[in-house]
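Just below is one structure, and these are the notes that go with it.
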Amino acid sequence: MIIIIRDMLQFLSASADSMLDEEMELGHRLDAIAIGTTTCLATCMTGFITLKFLHFLSISDSKDQRFARCVGSAALIMHMAQLIAQLENTWLAMTRFATSTPFNVFLYEGIETLFTLFIVISVQMHFSRIARAFVNNKRRWNLFSAASCSLTCIAGLATSAIILSDLSHGRLQRNTPPKLSVQLTVCWAVWLSSATAFDITVLSVLTKHILKHRAGTVQISFKSLLSRILLVAV
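Whatever position you read off the sequence shown (first residue = 1), add 69 for my numbering.
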């Protein structure tokens, strides 16, 4: 009887270990697919952004658009650095997935988050200056843009700090502290909410200006109008 019970316990233990290994393998596969897909999309977006910025440099005046050219150059350099970190993260994820070994991506995610934050702040500064020229109450716009940029910066820095605070915990480990996940989720939510609210506000201001001047000084077709609104949204 004791031998039978011992064999049953060994069988249950082996089954539990097998299920845990399957869960870890599934987690590795899903994480590798997510990272690979994100990297492909980021690479395509990088090509589009680079072409648009080079076109802007070719048609803009170096004296009148000095601030925009400097901010755009800094944002493009940081975006290239972000892409390099993401490619390294993808290479690490794919190689570790191929060898079925655990991997930790917190370091690269923290670095990418910092680069993303700098890019977001640069873009907000640039479009804030553009939208400011089209609003009537410039003081209110200054307060809104300053509050939005400050909230985005604080939430982004907090997100990166939480990710980089403890590199010993990988995304796929089951013993990740729940407190860390809650803090990270809150910071991400605040960051994305403030940045999205600012983007929607700027988009509405610029779209209103484009619609207002679609006939008159700016002679464009409806198709060109939609394409300009789409580019503003991107």
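Glycine included, every Cβ here is placed at the ideal spot set by N, Cα and C.
By the C-beta criterion, the stretch 182–198 is judged to be in contact with the stretch 218–233, since at least 3 inter-stretch pairs fall below 8 Å. With distances taken between CA atoms, Glu-181 lies nearest to His-148 out of His-148, Met-163, Ser-197 and Ala-200.
As the crow flies, the alpha-carbon of Ile-279 is around 45 Å from that of Met-163. Proximity to Ser-217 across Ile-232, Met-194 and Ile-199 peaks at Met-194, based on C-alpha coordinates. Per the C-alpha coordinates, the member of Lys-281, Glu-157 and Gly-179 positioned closest to Ser-234 is Gly-179. Just so you know, the alpha carbons of Ser-127 and Gln-155 end up roughly 29 Å apart. In the three-state scheme derived from DSSP, where H, G and I count as helix and E and B as strand, Asn-158 is classed as helix. The C-alpha of Trp-160 is placed about 17 Å away from the C-alpha of Cys-113. The residue from Phe-117, Ala-150, Val-192 and Glu-157 with its alpha-carbon nearest to that of Cys-139 is Val-192.
Taking C-beta separations shorter than 8 Å and ignoring five residues to either side along the sequence, the partners of Ile-231 in its chain run Leu-249, Gln-252, Leu-253 and Cys-256, following chain order. Asn-206 counts as exposed, since fewer than 16 other beta carbons sit within 10 angstroms of its beta carbon. DSSP places Phe-203 outside both helix and strand once states are collapsed to three, so it counts as coil.
Distance between Ser-214 and Ser-142, taken at the CA atoms: about 22 Å. CA-to-CA, the gap between Ser-262 and Asn-158 works out to about 26 Å. Pairing Phe-196 with Val-271 gives a Cβ-Cβ distance under 7 Å. Excluding the 5 residues flanking it on each side, Trp-210 has same chain C-beta neighbours closer than 6 Å at Arg-201 and Val-204, in chain order. Contact between Leu-212 and Val-259 is absent: CB atoms are separated by about 19 Å, not below the 8 Å threshold. The C-alpha of Thr-265 is placed about 16 Å away from the C-alpha of Thr-276. Separation of Ser-229 and Tyr-177 (C-alpha to C-alpha, rounded to the nearest whole angstrom) is 10 Å.
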